Amino acid sequence: MDLALAPETLARWQFGITTVYHFLFVPLTISLAALVAMLQTAWVRTEKEKYLRATKFWGKLFLINIAMGVVTGIVQEFQFGMNWSDYSRFVGDIFGAPLAFEALIAFFFESTFIGLWIFGWDKLPKKIHLACIWMVSIGTILSAYFILAANSWMQHPVGYRMNKETGRAELTDFLQVLTQNTAVAQVFHTLTAAALTGGAFMVGIASYHLLRKKHIPVMRTSLRLGLIAVVIGGLLTAISGDTLAKVMFKQQPMKMAAAEALWDGQKSAPFSVFAVGDVDKGHNKVAVELPGLLSFLADSDFDSFVPGINDVNKSEQEKFGPGDYRPAIPVAYWGFRWMIGFGMASFGIGALGLWLTRRKFLLPAALRTGDDERPHLVLFRTALNPRLTRLYWLTAIGTLGFPLIANSWGWIFTEMGRQPWVVYGVLRTRDAVSPSVTQGEVLTSMLVFTALYAVLAVIEVRLLVKYVKAGPPELTEADLNPPTKIGGDDKNSDRPMAFSY
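Here it is as structure tokens:
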């Protein structure tokens, strides 16, 4: 290892570990907030107990998840001052604006209403209490938007000017930062991936209980909602991913070329199914390709020219000076495929499950046996159902974490594919590291954070497992008869506000 680069390498490892770990909770927070709000809406509209029990069950898992997300998110901001002070000094005027909006608007908005939702079960009327969880859901989306707008500026800097006297980037158009096509495409892709993640989480846990034949009414309802979220989220993730890829092709051609191991530009560029490359020599030893598909995906035209890694590297050398402007090609190439593969596997499991529940194979209690049901179809379903259901439950449980893996590799690809730039075309990563931080200091803080996160992971998993196994709670009279006015009815108005969980 080059000792001169060791602090940069370690700082990147530390930020990568904390970011990927934190992002395990972000999509689950966004999606579970919305799914819990939908379940509570169903309860308010129908007053069916299964919806209220489902709301409380998934709400508990949501609260565990959001608590961990907040804790791990705070650590990330410390690193801007610890390991990346030159980056903070250079872009603080721009990067700080969306982060401030996220903290002052989205986070406080979200935290205020989540407090009302937690403590307001026996103090707020049903519809007002329901509005609180919808406000929490909106807050999570706003929070994600501001963070992603800041990250999108790093991918495609706009709305700024360079101050030559101070050597800093200065904000000139905040609205452009928030609304540029990179930010819009990235937010769309992240939110749809979050729907896929939350849906798979719900399907996996519901499948666990259905496999054990426990809490069937609540879990059947949860299963259907989760399957719908997976299918809709998966379809929209594919659409949003295509949109983001077209933006990436125009703004970061190197990232597109690295994702496909396309070394030399060509018209009718092929989509790589599998490749083994030689980075030093700049070509692939083995390549399995689909002709013309990459050109279509990049520019909606099978005949479009797509520049290759060697082409872009040469042009950037001419523009920015001598150097190697290639990212880690194997990481970009395989990260892109693992992101798509794990995401689409979850979508496939969800689509199959939705069809099986529609055909009643996974829902034996819902089989119709009336005169209008064809006898041979009933016999077919009865014979096939036990094997299908057990196989599906086991598969769904096993693939619960697939979207989380896809999200992680998606972020690794997004950030690694931009290297060697921390702000694309403006600031290199090596120039963003804190100059006074030593290799030992970065290594120490990285080991401490990693150990802390390992402990938090154990706590998180044990809490989730404990409450997942416990299943939906039994309802009390207070649950079934919430107050009709703010503050509670006369019979319980003197009771202190209680933490519902």
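In terms of full-length UniProt numbering, the sequence shown is residues 1 to 501.
For each residue, glycine too, the CB sits at the ideal point set by N, CA and C.
The model shown is predicted, which means the values in this text are computed figures rather than measured ones.
Tell me, to the nearest whole angstrom, how far the beta carbon of residue i is from that of residue j; I am working on the premise that it is less than 8 angstroms.
| i | j | result |
| --- | --- | --- |
| Ala-345 | Thr-399 | 6 angstroms |
| Ala-42 | Phe-62 | Wrong, their Cβ atoms sit about 16 angstroms apart, outside the cutoff. |
| Ala-106 | Phe-80 | Actually they do not touch by this definition, with Cβ atoms about 19 angstroms apart. |
| Val-422 | Met-38 | Not confirmed; about 39 angstroms, so no contact. |
| Ala-185 | Val-247 | 5 angstroms |
| Ala-97 | Leu-148 | Not confirmed; about 14 angstroms, so no contact. |
| Leu-294 | Glu-260 | 6 angstroms |
| Gly-350 | Gly-234 | 6 angstroms |
| Pro-125 | Thr-476 | Incorrect: roughly 18 angstroms between the Cβ atoms, too far for contact. |
Residue i: buried (16+ other C-beta within 10 angstroms of its C-beta) or exposed?
| i | result |
| --- | --- |
| Arg-358 | exposed |
| Arg-462 | exposed |
| Ser-436 | exposed |
| Phe-101 | buried |
| Leu-290 | exposed |
| Ser-300 | exposed |
| Ile-486 | exposed |
| Met-162 | exposed |
| Glu-474 | exposed |
| Arg-224 | buried |
| Ile-459 | exposed |
| residue 505 | In this structure the chain extends from 1 to 501, so residue 505 is not present and cannot be described. |
| Phe-108 | exposed |
| Ala-54 | buried |
| Gly-167 | exposed |
| Val-136 | buried |
| Leu-3 | Annotation note: pLDDT 41 at Leu-3 (below 50); position unreliable, no value reported. |
| Ala-470 | exposed |
| Arg-45 | exposed |
| Glu-373 | The predicted position of Glu-373 is uncertain, since its pLDDT is 44 and thus under 50; a value taken from the coordinates is nonetheless stated next. It counts as exposed. |
| Met-220 | Rather than Met, the amino acid found at residue 220 in this sequence is Arg. When all chains shown are included, Arg-220 counts as buried. |
May I ask you to check if the CB of residue i is nearer than 6 angstroms to at least one heavy atom of the ligand FAD?
| i | result |
| --- | --- |
| Ala-103 | Judged by which ligands are present, the structure shown has none, so any question about the ligand FAD falls away. |
Taking the alpha-carbon of residue i as reference, which of the options has the nearest alpha-carbon?
| i | options | result |
| --- | --- | --- |
| Leu-178 | Thr-166, Gly-341, Ala-144 and Thr-192 | Ala-144 |
| Ser-111 | Val-70, Asn-151, Lys-48 and Phe-95 | Val-70 |
| Val-276 | Ala-258, Val-468, Ile-133 and Thr-72 | Ala-258 |
| Ile-94 | Trp-13, Thr-46 and His-156 | His-156 |
| Pro-7 | Leu-464, Gly-440 and Val-455 | Gly-440 |
| His-22 | Phe-188, Ile-412 and Pro-482 | Ile-412 |
| Leu-196 | Thr-172, Met-162 and Ala-238 | Ala-238 |
| Gly-323 | Leu-191, Lys-164 and Val-312 | Val-312 |
| Val-187 | Ser-152, Gly-204, Ala-200 and Leu-175 | Ser-152 |
| Ala-103 | Leu-142, Arg-337 and Lys-126 | Leu-142 |
| Trp-134 | Trp-117, Ala-193, Leu-124 and Asn-284 | Trp-117 |
| Gln-266 | Val-279, Glu-77 and Ala-298 | Ala-298 |
| Leu-427 | Lys-126, Val-468, Met-339 and Asp-86 | Asp-86 |
| Ser-434 | Asn-83, Ser-304 and Lys-123 | Asn-83 |
Considering only their Cβ atoms, is the gap separating residue j from residue i smaller than 7 angstroms?
| i | j | result |
| --- | --- | --- |
| Pro-253 | Pro-330 | no |
| Asn-65 | Thr-19 | no |
| Phe-274 | Val-288 | yes |
| Gly-282 | Asn-310 | yes |
| Leu-24 | Gly-198 | no |
| His-129 | Gly-115 | no |
| Ala-150 | Leu-99 | yes |
| Pro-327 | Met-416 | yes |
| Val-91 | Ala-169 | yes |
| Trp-393 | Leu-227 | no |
| Ser-207 | Ile-397 | yes |
| Phe-336 | Ile-405 | no |
| Pro-472 | His-215 | yes |
| Val-442 | Leu-175 | no |
| Leu-244 | Thr-192 | no |
| Met-446 | Gln-76 | no |
| Met-339 | Trp-263 | no |
On the DSSP bridge list, what partners appear for residue i?
| i | result |
| --- | --- |
| Ser-272 | Glu-289 |
| Arg-428 | Trp-421 |
| Gly-277 | Asn-284 |
| Phe-305 | Lys-267 |
| Met-162 | Ala-169 |
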